[in-house]
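*Asks:* Numbering (my numbering), first residue to last: 1269 to 1740. Quick reminder that beta carbons are idealized off the backbone N, C-alpha and C, glycines included. For clarity, every value in this text was computed on a predicted model and none was experimentally measured. Let me give you the structure first, and then I'll get to my questions.
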């Protein structure tokens, strides 16, 4: 059963209603192209479509190319549902609980599925079992995880179509938290107003969301009362250390870093600080808070490069591999990218990391984004984080451009904050104390916006293509 929906209470009802009778919940990423959505629905063999009425124009673009038996519309207030489609509220109201037969089958039966965003080839499906969802929820909730309490008010900014909103709908319902949903209103002022009005205690989203929030808070000091907010979970890509420090020191707001992927259900590691690190200098603590944390309970990690498994020294880089009870072992109904899964049961993440002696993971890059210049690896993530530490910079994306001598060199596209100005020479001088000379960007280009993927990450493939022939 597919859903094409924003974050709202009806979507939460569907989250539990479908698996509870033995169906498979399949959330569709509404930011994908109609062609991708057509492919995904057909590949998953969905038979029922739940769709927000406001999203019917998107659905109409691929409706004729899929084989759906029933279309159930979550209606806009006061608007009739199109002929031939069912009204969600009417369907719910007409139900008879005497006819309900709860699912009591094997716990390893599929309960939900998500597709990757298709950055490499076609989107690929990942199935989650009843067992894996329960285990993931238990470990996510515990004190050394997201530390959820029944008294918490949780607002997931991360969409419910993105890896099941990082599992929060399941985890929060298990704990009994109050949940608040923003619908399609994801702009910083709307979110801040909702945080204040609903006294939100925990929220979760990608770094670009929090960078926008920070900019509004800095622009309108004292306008919003966020005294109830105790944790802002960040994932999806590495968050700049400067952002973590700014939220903490200017607004007393804690950023909690986590890491995961569609294939990991998604939480694989969480950036909690152990007691030893909590006793260290604040600046050292910020260094650790900018990492992606330690593996969740029951998740195993290792790194591998061309020389074999990497030592846990915090220096040597390699591709992160993971395995555990909620880590995928294969993609659904495809042989594409079978090499992502090793013969001994590990998932190859594609993230280039270091692992230190305490087990803390630090993402240095995606394997396709790391810059290989003259035989040396340069971390685009580290350069981006440092650039966004400059007070004039709102966003920065660093990527490789071809170079005749060194094969690749780093280039940066930078978006400035409103009414701010800085030169490329000033930014290079700002970076210089933090990096070796060969790691500094050859080119810094100021742009109005940086292209993003359907889940809010910088779309570096577009930048690499656009600037592949760039000459400074």
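1. Could you give the C-beta distance for residue 1279 and residue 1406, rounded to a whole number, given that I count them as a contact under 8 Å?
2. Whole angstroms is fine: what's the gap from residue 1525's alpha carbon to residue 1539's?
3. In this structure, does DSSP put residue 1473 in helix, strand or coil?
4. Helix, strand or coil for residue 1429, going by three-state DSSP, please let me know.
5. Kindly indicate the opening and closing residues of the beta strand (DSSP E) around residue 1640.
6. With DSSP collapsed to three states, give me the class of residue 1269.
7. Let me know the secondary structure DSSP gives residue 1442 once reduced to three states.
8. With residue 1624 as the anchor, note down where its alpha helix (DSSP H) starts and where it stops.
9. Using CA atoms only, rank isn't needed, just tell me which of 1312, 1475, 1490, 1593 is closest to residue 1376.
10. Would you list the one or two residues that DSSP bridges to residue 1679?
11. Is the segment 1592 to 1606 touching the segment 1628 to 1637, taking contact as three or more C-beta pairs under 8 Å?
12. So residue 1383 is in the beta strand (DSSP E); what residue range does that whole segment cover?
13. Are the CB atoms of residue 1395 and residue 1320 nearer to each other than 9 Å?
14. In its own chain, which residues sit with a C-beta less than 6 Å from the C-beta of residue 1690, not counting the 5 before and 5 after it?
15. Residue 1558 by DSSP, collapsed to three states: which one?
16. Can you check the segment 1567 to 1594 for any beta strand (DSSP E) of at least 3 residues that lies completely inside it and give the ranges in chain order?
17. Nearest-angstrom Cα distance between residue 1283 and residue 1516?
18. To the nearest angstrom, report how far apart residue 1669 and residue 1470 are at their CA atoms.
19. Whole alpha helix (DSSP H) runs in the segment 1327 to 1410 with 4 or more residues, listed along the chain?
20. Where does residue 1687 fall in DSSP's three states?
21. Can you find the residues in the same chain that come closer than 6 Å, C-beta to C-beta, to residue 1531, ignoring five residues on each side of it along the sequence?
22. Mind the definition here: the segment 1414 to 1434 touches the segment 1533 to 1547 only if three or more C-beta pairs lie below 8 Å; say whether that holds.
23. Measuring straight from C-alpha to C-alpha, what distance separates residue 1381 and residue 1309?
24. Taking the alpha-carbon of residue 1656 as reference, which of 1357, 1575, 1475, 1589 has the nearest alpha-carbon?
25. Going residue by residue through the segment 1480 to 1542, where are the continuous beta strand (DSSP E) segments of at least 3 residues, counting only ones entirely within it?
26. I want to know whether the segment 1675 to 1684 touches the segment 1701 to 1720 - three or more CB-CB distances under 8 Å.
27. Determine the extent of the beta strand (DSSP E) in which residue 1294 is found, giving its start and end residues.
28. Could you check if residue 1701 is buried or exposed, using at least 16 other CB atoms within 10 Å of its CB as the buried criterion?
29. Would you mind working out which of 1364, 1467, 1316, 1622 sits nearest residue 1291, comparing C-alpha positions?
30. Using the Cα positions of residue 1305 and residue 1703, report the straight-line distance between them to the nearest angstrom.
31. My guess is that residue 1480 and residue 1450 are in contact by the Cβ rule of under 8 Å, so how many angstroms apart are they, rounded?
32. Quick check: what's the CA-CA separation for residue 1490 versus residue 1483?
33. Label residue 1289 either buried or exposed according to how many other C-beta atoms from any shown protein chain fall within 10 Å of its C-beta, with 16 as the threshold for buried.
*Replies:* In this structure, then:
1. For this step, residue 1279 is matched to residue 11 along the chain shown. For this step, residue 1406 is matched to residue 138 along the chain shown. Between the beta-carbon of residue 1279 and that of residue 1406 there is about 23 Å, and that puts the pair past the 8 Å contact cut.
2. Along the chain shown, one-based indexing puts residue 1525 at 257. Along the chain shown, one-based indexing puts residue 1539 at 271. Roughly 5 Å separates the two Cα atoms.
3. Here residue 1473 is taken as the residue at index 205 of the chain shown, counted from 1. Reduced to three states, the DSSP call for residue 1473 is strand.
4. On the chain shown, residue 1429 is found 161 positions in, with the first residue counted as 1. The answer is coil: DSSP assigns residue 1429 none of H, G, I, E or B.
5. The sequence position of residue 1640 within the chain shown is 372, counting from 1. 1639 to 1641 is the extent of the beta strand (DSSP E) around residue 1640.
6. Taking the chain shown and counting its residues from 1, one reaches residue 1269 at position 1. Coil.
7. On the chain shown, residue 1442 is found 174 positions in, with the first residue counted as 1. In this structure, residue 1442 counts as helix in the three-state DSSP scheme.
8. To locate residue 1624, count along the chain shown from 1; it is residue 356. Segment: none, residue 1624 is in no alpha helix (DSSP H) and carries neither H nor E.
9. Here residue 1376 refers to the residue found at position 108 when the chain shown is read from its first residue. Minimum Cα distance to residue 1376 is reached at 1593.
10. For the purposes of this step, residue 1679 is taken as the residue at position 411 of the chain shown. DSSP lists 1667, 1711 as partners of residue 1679.
11. no
12. For the purposes of this step, residue 1383 is identified with residue 115 of the chain shown, where counting begins at 1. Counting along the chain, the beta strand (DSSP E) containing residue 1383 begins and ends at 1378 to 1383.
13. For this step, residue 1395 is matched to residue 127 along the chain shown. For this step, residue 1320 is matched to residue 52 along the chain shown. Against a cut-off of 9 Å, the Cβ pair of residue 1320 and residue 1395 comes out as no contact.
14. As a first step, residue 1690 is located in the chain shown; it is residue number 422 there, counting from the start. The residues are 1660.
15. As a first step, residue 1558 must be located in the chain shown, where it is residue number 290. If DSSP states are grouped into helix, strand and coil, residue 1558 belongs with coil.
16. 1568 to 1573, 1586 to 1591
17. On the chain shown, residue 1283 is found 15 positions in, with the first residue counted as 1. On the chain shown, residue 1516 is found 248 positions in, with the first residue counted as 1. Spanning the two alpha carbons is a distance of roughly 34 Å.
18. Indexing the chain shown from 1 puts residue 1669 at position 401. Indexing the chain shown from 1 puts residue 1470 at position 202. Between residue 1669 and residue 1470, the C-alpha separation is close to 40 Å.
19. 1356 to 1361, 1398 to 1409
20. In the chain shown, the residue the question calls residue 1687 occupies position 419. Here residue 1687 sits in coil by DSSP.
21. Numbered from 1 along the chain shown, position 263 holds the residue referred to as residue 1531. 1394, 1596, 1615, listed in sequence order.
22. Yes, they touch.
23. On the chain shown, position 113 is the one that residue 1381 refers to. On the chain shown, position 41 is the one that residue 1309 refers to. For residue 1381 and residue 1309, the gap between their C-alpha atoms comes out near 11 Å.
24. As a working note, residue 1656 is residue 388 in the chain shown. The candidate whose alpha carbon is nearest that of residue 1656 is 1475.
25. 1499 to 1502, 1523 to 1528, 1535 to 1538
26. yes
27. As a working mapping, residue 1294 is identified with position 26 in the chain shown. Its beta strand (DSSP E) spans residues 1293 to 1295.
28. Stepping through the chain shown from its first residue, residue 1701 is reached at position 433. Flag for residue 1701 reads exposed.
29. On the chain shown, position 23 is the one that residue 1291 refers to. The residue with the shortest Cα to Cα distance from residue 1291 is 1316.
30. On the chain shown, residue 1305 is found 37 positions in, with the first residue counted as 1. On the chain shown, residue 1703 is found 435 positions in, with the first residue counted as 1. One C-alpha to the other measures close to 42 Å.
31. Against the chain shown, residue 1480 aligns to sequence position 212. Against the chain shown, residue 1450 aligns to sequence position 182. That belief does not hold up - the Cβ atoms of residue 1480 and residue 1450 are roughly 13 Å apart, past 8 Å.
32. As a first step, residue 1490 is located in the chain shown; it is residue number 222 there, counting from the start. As a first step, residue 1483 is located in the chain shown; it is residue number 215 there, counting from the start. Rounded to the nearest whole angstrom, the CA to CA distance from residue 1490 to residue 1483 is 13 Å.
33. Numbered from its first residue, the chain shown carries residue 1289 at position 21. So residue 1289 counts as exposed.
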